[in-house]
Amino acid sequence: MFEPPYSSADQLEAQLRETGHTVIAPATVRQFFGLTQEQLNPLQAFWQDLPADAHLRDGGRYRFRRHASFIAERATLRQVPHRAHWQPLDYNALHGGIERWFEPADPQAVALPAWSGLLLGLAGIASRLKGEQAWFIEAHQFRIDTTDGIGRPTPEGAHRDGVDFVAVFLVDRKGIKGGESRIFEADGPQGQRFTMLEPWTLLLLDDERMIHETTPIQPAAERGWRDTLVVTLRRQGFQDPKR
């Protein structure tokens, strides 16, 4: 396994601006987002009851998720009424073009200081790199497990999401092998591959410039899983079939 190419707190925004991606170690995440481990720990419990993803078109039973949407503006975070997740076929050939309704994030999770701290911290980075403005945020809680012997974090393959930024927080990883993160320039030859192992490691991408995927996971124990919090930030509104 390749170690993540970690960036320091004082370099991460410059690296994101220069290369289109950055990887941040858990200690740096706590430092940069102004959170303690004691604040982050309670979030992990909210990955234990994620409903099955009913929209998988490959017939798999390995993905579980919840979803919530927010608007961040001027250091305030506002949750919007529950809505469908939608992507155009141009960005998701497997699941694009349909409104996918997932169960909402637990209100108790959303109310935790760590939840708002992470989302507002990401919005602050986005505004410093692309200008102060409202950010339309979707937060996805994912569990990929190995009940069927293999789990696919990105069944659609290498892709972009049609947003401005994508953040992938590793929340937990138990009893698995695989799950390698791979990122590539959308219009160039450069790429990186590494495996996130420690909870609260963060991969942050400029989605306009980078393509990403995560390789399948396989069991290394009787039961295994990979939990992530994936957050997307977009200017000028949520992706919507009517727009």
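Using the numbering used here, you'd call the opening residue of the sequence shown number 15 and step up by one each time. All residues carry an ideal CB built from backbone N, CA and C; glycine is no exception.
Give the DSSP-derived three-state secondary structure of residue i in the structure shown.
{"i": "R157", "result": "strand"}
{"i": "I139", "result": "helix"}
{"i": "F198", "result": "strand"}
{"i": "Q131", "result": "Note that residue 131 is Gly in the sequence shown, not Gln. Of the three classes helix, strand and coil, the one that applies to G131 here is helix, per DSSP."}
{"i": "L57", "result": "helix"}
{"i": "A123", "result": "helix"}
{"i": "V177", "result": "coil"}
Do residue i and residue j have their CB atoms nearer than 8 Å?
{"i": "S130", "j": "L91", "result": "yes"}
{"i": "G205", "j": "E199", "result": "yes"}
{"i": "G163", "j": "Q232", "result": "yes"}
{"i": "L133", "j": "I151", "result": "yes"}
{"i": "A137", "j": "A86", "result": "yes"}
{"i": "P19", "j": "F208", "result": "yes"}
{"i": "H81", "j": "P121", "result": "no"}
{"i": "T42", "j": "A23", "result": "yes"}
{"i": "Q147", "j": "L243", "result": "no"}
{"i": "H226", "j": "A172", "result": "yes"}
{"i": "P167", "j": "G145", "result": "no"}
{"i": "A153", "j": "V94", "result": "no"}
For residue i, which option in the options has the closest C-alpha, if you only look at C-alpha atoms?
{"i": "H69", "options": "P95, H173, P169 and V177", "result": "P169"}
{"i": "D241", "options": "L218, L57 and E27", "result": "L57"}
{"i": "F60", "options": "Q51, I38 and R79", "result": "R79"}
{"i": "L247", "options": "V180, T228 and P255", "result": "V180"}
{"i": "R44", "options": "E146, W214 and A98", "result": "W214"}
{"i": "L26", "options": "E52, L216, R174 and A153", "result": "L216"}
{"i": "V177", "options": "D63, E236, E222 and R97", "result": "E222"}
{"i": "T161", "options": "S141, P255 and A235", "result": "A235"}
{"i": "F116", "options": "G34, G48 and S83", "result": "S83"}
{"i": "T36", "options": "R114, R75, I197 and R166", "result": "I197"}
{"i": "D63", "options": "G48, E52, A123 and V182", "result": "A123"}
{"i": "R31", "options": "L218, P230 and Q253", "result": "L218"}
{"i": "R88", "options": "R114, R75, P95 and G135", "result": "G135"}
{"i": "I158", "options": "T228, V245 and P95", "result": "T228"}
{"i": "W239", "options": "R249, R114 and D186", "result": "D186"}
{"i": "A140", "options": "D254, K256, M15 and G34", "result": "G34"}
Check whether the Cβ of residue i lies closer than 8 Å to any Cβ atom in chain B.
{"i": "Q53", "result": "Absent from the structure: chain B. Only one protein chain is present."}
What are the residues that DSSP puts in a beta bridge with residue i?
{"i": "W149", "result": "A86"}
{"i": "F78", "result": "A66 and R157"}
{"i": "P233", "result": "I190"}
{"i": "F252", "result": "DSSP lists no partner for F252."}
{"i": "W115", "result": "DSSP lists no partner for W115."}
{"i": "D162", "result": "Beta-bridge pairing links D162 to no other residue."}
In chain order, which beta strand (DSSP E) runs of at least 3 residues are fully inside the region 15-55? Scanning the region 15-55 from its first residue to its last, the whole beta strand (DSSP E) runs of 3-plus residues come out as 35-38.
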